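Novice:
2 protein chains.
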Amino acid sequence: MLTFEGQKIQGSQNIVAKLSSLPFQQCQHSITTVDCQPSGPAGGMLVFVSGNLQLAGEQHALKFSQMFHLMPTPQGTFYVLNDIFRLNYA
Amino acid sequence: MLTFEGQKIQGSQNIVAKLSSLPFQQCQHSITTVDCQPSGPAGGMLVFVSGNLQLAGEQHALKFSQMFHLMPTPQGTFYVLNDIFRLNYA
Numbered sequence: 070m071l072t073f074e075g076q077k078i079q080g081s082q083n084i085v086a087k088l089s090s091l092p093f094q095q096c097q098h099s100i101t102t103v104d105c106q107p108s109g110p111a112g113g114m115l116v117f118v119s120g121n122l123q124l125a126g127e128q129h130a131l132k133f134s135q136m137f138h139l140m141p142t143p144q145g146t147f148y149v150l151n152d153i154f155r156l157n158y159a
Numbered sequence: 070m071l072t073f074e075g076q077k078i079q080g081s082q083n084i085v086a087k088l089s090s091l092p093f094q095q096c097q098h099s100i101t102t103v104d105c106q107p108s109g110p111a112g113g114m115l116v117f118v119s120g121n122l123q124l125a126g127e128q129h130a131l132k133f134s135q136m137f138h139l140m141p142t143p144q145g146t147f148y149v150l151n152d153i154f155r156l157n158y159a
């Protein structure tokens, strides 16, 4: 599930539809910090990222923070169970 | 476990020692956003907070982002399994 600027979206199809609907074509991510912790006995991993977003044609970068909760699959891969995104307004 | 500005600290005693050692006596939290999501079948909860910190005697507020992973106990309470804190520098 994704919480994007407070908007709650569930299901991979809905999340793809939301991200595809964002009103820009290009967005450059510049990562400032990455912190990780194991999330418990199920083998998940928490990833906390902060940095800057630069939209094409915009002069100023936007600061953001985002967290992901990655869960393991039986195949040895991970999927994103939780995703929370926020812009950090000045 | 706590990750504080990239520093990893494990165990409640070590975490209390770290938080007690911070070089100020008063810090006012002003919360701007709170987002929550369930973290999986174990009944945990992810809480993502952003806002401002105002230290006593400082003119400018510091922006911060922080996430908590709360896990349930058999007694019906929650404990903090994961805590990641970052200042968001301009």
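Line by line, the protein sequences are chains A and B. All residue numbers in the first sequence are consecutive under the numbering used here, ending with 159. All residue numbers in the second sequence are consecutive under the numbering used here, ending with 159. All C-beta atoms in this analysis are idealised placements derived from N, C-alpha and C, irrespective of residue type, glycine included. This one's a predicted model, so the numbers in the text were calculated from it and none came from an experiment.
According to DSSP, simplified to helix, strand and coil, what is ASN83 (chain B)?
Specialist: Looking up residue 83 (chain B) in the second sequence gives position 14. Under the three-state reduction of DSSP output, ASN83 (chain B) falls in the helix class.
Novice: By DSSP, does SER108 (chain B) sit in helix, in strand, or in coil?
Specialist: Against the second sequence, residue 108 (chain B) aligns to sequence position 39. In the structure shown, the three-state DSSP call for SER108 (chain B) is coil.
Novice: Check SER89 (chain B) in the structure and name its three-state DSSP category.
Specialist: Taking the first residue of the second sequence as 1, we reach residue 89 (chain B) at position 20. Helix at SER89 (chain B).
Novice: Let me know if GLN97 (chain B) comes out buried or exposed under the rule of 16 or more other beta-carbons within 10 Å of its beta-carbon.
Specialist: The count along the second sequence starts at 1 and reaches residue 97 (chain B) at position 28. Per the 10 Å Cβ criterion, exposed.
Novice: Rounded to the nearest angstrom, what separates MET136 (chain A) and SER81 (chain B) at their Cα positions?
Specialist: To locate residue 136 (chain A), count along the first sequence from 1; it is residue 67. To locate residue 81 (chain B), count along the second sequence from 1; it is residue 12. Distance between the alpha carbons of MET136 (chain A) and SER81 (chain B): 23 Å.
Novice: Which class does GLN97 (chain B) belong to by DSSP, given the choice of helix, strand or coil?
Specialist: Indexing the second sequence from 1 puts residue 97 (chain B) at position 28. Assignment of GLN97 (chain B) by DSSP, reduced to helix, strand and coil, places it in the strand class.
Novice: Could you list the residues in the segment 135-157 of chain A with a C-beta less than 8 Å from some C-beta on chain B, going in chain order?
Specialist: MET136, HIS138, MET140, LEU150, ASN151, ILE153, ARG155, ASN157
Novice: Under 9 Å, CB to CB, which of the residues in the segment 77-93 of chain A have a partner in chain B?
Specialist: Residues passing the 9 Å Cβ filter: LYS77.
Novice: Straight-line CA distance for THR101 (chain B) to TYR148 (chain B)?
Specialist: Locating residue 101 (chain B) in the second sequence gives position 32, where the first residue counts as 1. Locating residue 148 (chain B) in the second sequence gives position 79, where the first residue counts as 1. In a straight line, the C-alpha of THR101 (chain B) is about 23 Å away from that of TYR148 (chain B).
Novice: Going by the CB atoms, is the gap between MET70 (chain B) and GLN76 (chain B) shorter than 7 Å?
Specialist: For this step, residue 76 (chain B) is matched to residue 7 along the second sequence. For this step, residue 70 (chain B) is matched to residue 1 along the second sequence. Cβ atoms of GLN76 (chain B) and MET70 (chain B): not closer than 7 Å.
Novice: Are there three or more Cβ pairs, one per stretch, closer than 8 Å when the segment 148-157 of chain B is compared with the segment 121-137 of chain B?
Specialist: yes
Novice: Can the beta-carbon of LEU115 (chain A) be found less than 7 Å from the beta-carbon of ASN83 (chain B)?
Specialist: Taking the first sequence and counting its residues from 1, the one referred to as residue 115 (chain A) is at position 46. Taking the second sequence and counting its residues from 1, the one referred to as residue 83 (chain B) is at position 14. Cβ distance not < 7 Å, so LEU115 (chain A) and ASN83 (chain B) don't count as in contact.
Novice: Any C-beta of chain A sitting closer than 7 Å to the C-beta of LEU122 (chain B)?
Specialist: Residue 122 (chain B) sits at position 53 when you count from the first residue of the second sequence. Not an interface residue.
Novice: Under 7 Å between C-beta atoms, does SER99 (chain A) make it to chain B?
Specialist: As a working mapping, residue 99 (chain A) is identified with position 30 in the first sequence. Interface flag for SER99 (chain A) against chain B is unset, since no Cβ pair is found closer than 7 Å.
Novice: Just verifying my parser: in three-state terms, what is the DSSP assignment at GLY120 (chain B)?
Specialist: Your numbering for residue 120 (chain B) matches position 51 in the second sequence. In this structure, GLY120 (chain B) counts as strand in the three-state DSSP scheme.
Novice: Sorted by chain position, which residues of the same chain lie with C-beta nearer than 8 Å to CYS105 (chain A)'s C-beta, five sequence neighbours on each side aside?
Specialist: Here residue 105 (chain A) corresponds to residue number 36 of the first sequence, with the count starting at 1. Excluding residues within five positions, the ones whose Cβ falls inside 8 Å are MET114, LEU115, VAL116, PHE117.
Novice: Could you tell me the boundaries of the beta strand (DSSP E) in which THR142 (chain B) lies?
Specialist: Reading the second sequence from its first residue, position 73 is the one you call residue 142 (chain B). Neither: THR142 (chain B) is in no beta strand (DSSP E) and is coded neither H nor E.
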